[in-house]
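Colleague: When you read off a place in the sequence shown, starting at 1, and then add 1, the result is the number in my numbering.
Using N, Cα and C, we set each Cβ at its ideal position, and we do this for glycine too.
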Amino acid sequence: MSLPADAPNPHYPHLFAPLDLGFTTLRNRVLMGSMHTGLEDRARDFPRLAAYFAERAAGGVGMIVTGGFAPNVVGWLKPFGSKLSWPWEVRPHKFLTKAAHDGGAKICLQLLHAGRYGYHPLQVAPSKIKAPINPFTPRAISARGIERQVDAYAHSARLAREAGYDGVEIMGSEGYFINEFTAPRTNRRNDAWGGTPEKRMRFAVEIVRRVREACGPDFIIVYRLSLLDLVEDGNQWDEIVAQAQAIEKAGATIINTGIGWHEARIPTIVTSVPRAAFVDVTAKLKPCVSLPLVTSNRINMPDVAEGVLAAGKADLVSMARPLLADPQWVEKARAGQPQRINTCIACNQACLDHVFENKVASCLLNPRACHETELVYRKTYSPKRIAIVGAGPAGLACATVAAERGHRVTLFDAAGEIGGQFNYAKRIPGKEEFHEAIRYFANRLEQTGVDLKLGTTATAEMLRDFDEVVVATGIVPRKVSFPGSDHAKVVGYLDVLSGKVAVGRRAVIIGAGGIGFDVAEFLTVEGESPTLDKARWMAEWGVDPGFEARGSLARPRPEPPAREVWLLQRSPGAPGRKLGKTSGWVHRATLKAKRVQMLGGVEYLGVDDAGLRIRVGDVEQVLPADHVVVCAGQEPRRELQAALQALGKAAHLIGGADVATELDAKRAIDQGSRLAAAL
Ligand code: FAD
Ligand code: NAP
Ligand code: SF4
């Protein structure tokens, strides 16, 4: 018996309850949060952006918020970046609004004035104070200039309405222009726009009031309010409540939660941040206003979202990256199939890191994200028998895409479980989300009908009769060679992470790449990872648990390290420079808090019973160590390919088996997916 169309969803009733805004209704409580993809900056990329939105709208999201658009040139994020200020800029936006509406979603344009975060010399700010993350110093804006900015917001919102948007989101958080007005950290004015909390918030309130006036009563105004600045001299709780109430009075429809300025030294979205870490601050605001509140940050699965809504902590949940990873997230949740969701692991590797490198965003787990028009998995008319050897990320992506297209795929792995190196990554404290990626692929293999042969080391002979052979056998860890490198103290990272070797109290790590850093985190944390315990995590990073202090900062109280660890590299300079743009600083700060001693420019002289002898510059020393853990990169594992060649059988190489240098899962999955799309 089927349920009536308006019956509550049996799996996630709160998540799928429509939200009546008075003049319009959202079909559910999922807001696709604003995220810059790099497709916003040029009108010629709008058809691609529309295709990206269309898939998410068809996948069931309630409302989409676009990436940020500046209301004028001084508000640019970067030179010639996304902006909506002229009538002729309206037309391309109609692609986007149509794409969202055709899929049944509402769509709001985000109005983002970058203020002193603008990466260009025209930037302005309430006061002439340079941001620590930007080389440009802003000009302090005049009072007349401020009036012009308010006009620009109202004008831009009117154009958004003309383009068919259901509303706008006014970006008032993350340390951008409006937030710079509200916080004493960046507003040192003594005129009508600064000096007291009331005057500091006047700019925000005026913008909301003027946008409402310009766009009429039946237009959604989401205001993104910084509930936690996480910087010194940020706002304090009573000021934030006053801002929320004034913004409600000025005519906003919804308040969205903003967490942390971009210059904050507390991570807010990376994978080691606990799931739903900050929802309690949204909950704290709830009794103070009557507008619907959106909560945000590290909500990536339906049970987490439902839990937050059911507990009355918020009225909507915002997700950006989870919808990049899986455009069907909402539909899968609605159908009660969370196990089918391709869960965002919060790695930032293909989304935010790309944006910061001026590349188009995508997703490590879903290379089609923002490439929907170009990477298409078409049904095949000539199914082939395909053998794929290796069920690591490269082989899994290749197998599932090829099978989805209609090929008959057999996937071999010598191990007893799928996942390849992800089975080591998931053991790192703070990387628990990697379990989800393995779960997703396991489900996907089943759904697409891949014939999985675990515990089977494939030989060339076994592959002779397949139409296509794909070698995805991964890597072998690189060995080091210096005197004593065969000493019993010298162990490989795989043996350490698998628990084969119980590492002593003093460890030296050779190699400070991504894996060296991960191993250092593994060795310094004992017991349950703080990522799984919000209170411990907040204490470690210094977030005021009551959210009362100015900026919500408290004194960080890192837990003592489980071991004394050294992390070494041969290259000069501080280790960790090559880590991800948006996550590397978190790894460096984590290890610093654990008192890991990091050294660059190291020459390895040898290992003996005393420990590891090194030279740095002219100085030789012995690092007394119980174990020396080698994390010195990898080499491709290719013996199978050689055997296939001897049989005269051609094979495709993907992932680490192809190129091990600087291999990461992003490349492995992208390469596997693209090969499968072409077979
Ligand atoms: P692998 O994952 O190595 O898989 C190869 C598979 O082939 C294995 O399962 C193996 O058993 C199988 N195999 C080999 N020979 C045969 C044979 N003859 N027959 C059958 N099966 C065979 N990358 C990131 O992008 N981000 C991260 O945060 C990250 N963290 C990491 C943390 C750790 C601790 C580690 C170890 C790695 C991490 N990586 C990370 C790297 C990432 O896991 C690898 O880049 C990725 O797994 C490579 O995928 P692959 O499919 O090429 O190879
Ligand atoms: P890597 O990043 O290439 O680092 C290897 C390290 O070993 C370097 O520090 C290198 O530095 C050192 N090294 C290389 N050859 C050596 C030798 N012969 N003797 C001694 N030291 C040597 O490789 P990885 O750390 O193994 O990581 C593998 C891949 O996984 C990387 O591409 C990385 O992107 C990915 N990964 C990513 C993350 C993430 O969080 N994004 C986490 C883990 C892994 P010197 O040459 O200066 O000594
Ligand atoms: Fe999430 Fe990583 Fe994909 Fe970004 S790249 S959406 S963080 S899984």
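(1) Rounded to whole angstroms, what's the CA-CA distance from arginine 445 to glutamate 199? Just pull it up for me.
(2) Could you check whether the Cβ of cysteine 345 sits closer than 7 angstroms to any heavy atom belonging to ligand 3?
(3) Under the three-state reduction of DSSP, which class applies to histidine 436: helix, strand or coil?
(4) Out of Arg322, Pro328, Glu373, point me to the one whose CA is closest to aspartate 354's CA.
(5) Would you kindly work out how many angstroms separate the C-alpha atoms of arginine 465 and phenylalanine 54, rounded to a whole number?
(6) Can you tell me whether lysine 287 is helix, strand or coil according to DSSP?
(7) In the DSSP assignment, the beta strand (DSSP E) including cysteine 109 goes from what residue to what residue?
(8) Please name the residue, chosen from Gly431, Thr411, Gly456, that lies closest to glycine 421 on a Cα-to-Cα basis.
(9) Can you check which of these residues, Ala306, Met302, Gly313, is closest to proline 288 by C-alpha distance?
(10) Quick one: grab the DSSP three-state call for glycine 196.
(11) Near ligand 2, which residues have their beta-carbon closer than 6 angstroms to a heavy atom?
(12) Cα-Cα, which of Leu569, Ala647, Glu358 is closest to tyrosine 120?
(13) Is alanine 336 buried or exposed, if buried means 16 or more other CB atoms sit within 10 Å of its CB?
(14) Return the Cβ separation of asparagine 191 and glutamate 181 in integer angstroms, given the expectation that the two are a contact with Cβ distance under 8 angstroms.
(15) Return the CA-CA distance between valine 66 and alanine 251, expressed in angstroms with no decimal places.
(16) Report the residue from His94, Ala521, Phe483, Lys579 whose alpha carbon sits nearest the alpha carbon of glycine 69.
(17) Comparing the CB of arginine 638 with every heavy atom of ligand 1, is any distance shorter than 7 angstroms?
(18) With DSSP run on the structure shown, which of helix, strand or coil describes aspartate 466?
(19) Give me the Cα-Cα distance between leucine 397 and arginine 117, rounded to the nearest whole angstrom.
(20) Ligand 3 and arginine 322: does any heavy atom of the ligand fall closer than 7 angstroms to the residue's C-beta?
(21) Identify, in the order they occur along the chain, each residue of the same chain with its Cβ nearer than 7 angstroms to the Cβ of alanine 205, setting aside the five sequence neighbours on each side.
(22) In the stretch 82-158, which residue ranges form an unbroken beta strand (DSSP E) of at least 3 residues, counting only runs that do not cross its ends?
(23) Alpha carbons only, please: which of Glu469, Gly407, Thr662, Pro275 is nearest the one belonging to arginine 638?
(24) Just to confirm, does alanine 644 get its C-beta within under 7 angstroms of one of the non-hydrogen atoms of ligand 1?
(25) Just tell me which of Cys352, Glu375, Val356 has its CA closest to the CA of leucine 365.
(26) How would you call leucine 592, buried or exposed, if buried means at least 16 neighbouring beta carbons within 10 angstroms?
(27) What is the DSSP secondary structure of tryptophan 567, reduced to helix, strand or coil?
(28) With which residues is threonine 296 paired in a DSSP beta bridge?
(29) When you compare each of Thr449, Ala277, Val504, Val630 to lysine 380 by their alpha carbons, which one comes out closest?
(30) Just the C-alpha distance for glycine 202 and arginine 186, rounded to the nearest angstrom, thanks.
(31) Entirely within the stretch 27-67 and at least 4 residues each: give me those alpha helix (DSSP H) ranges in chain order.
(32) Within the present structure, is the beta-carbon of threonine 25 separated from the nearest heavy atom of ligand 1 by less than 7 angstroms?
(33) Pull up the CB-CB distance for valine 509 and leucine 569, whole angstroms please, since I reckon it's below 8 angstroms.
(34) Could you spell out where the beta strand (DSSP E) holding leucine 600 opens and where it closes?
(35) Looking at C-beta atoms only, is the number of pairs between the stretch 148-155 and the stretch 71-80 that lie closer than 8 angstroms three or more?
(36) Go ahead and pull the three-state DSSP assignment for serine 227.
Modeller: In terms of the structure at hand:
(1) 54 angstroms
(2) yes
(3) helix
(4) Arg322
(5) 44 angstroms
(6) helix
(7) 107-112
(8) Gly456
(9) Gly313
(10) coil
(11) Gln350, Arg479, Val481, Ile511, Gly512, Ala513, Gly514, Gly515, Ile516, Gly517, Asp519, Gln570, Arg571, Ser572, Gly581, Cys632, Ala633, Gly634, Gln635, Glu663, Leu664, Asp665
(12) Glu358
(13) exposed
(14) Not confirmed; about 16 angstroms, so no contact.
(15) 21 angstroms
(16) His94
(17) yes
(18) coil
(19) 44 angstroms
(20) yes
(21) Gly173, Ile179, Phe182, Thr183, Gln244, Ile248
(22) 107-112
(23) Thr662
(24) no
(25) Cys352
(26) buried
(27) strand
(28) Val318
(29) Thr449
(30) Correcting the residue identity first, residue 202 is methionine in this sequence and not glycine. So the alpha carbons of these two residues sit roughly 13 angstroms apart.
(31) 47-59
(32) no
(33) 7 angstroms
(34) 598-600
(35) yes
(36) strand
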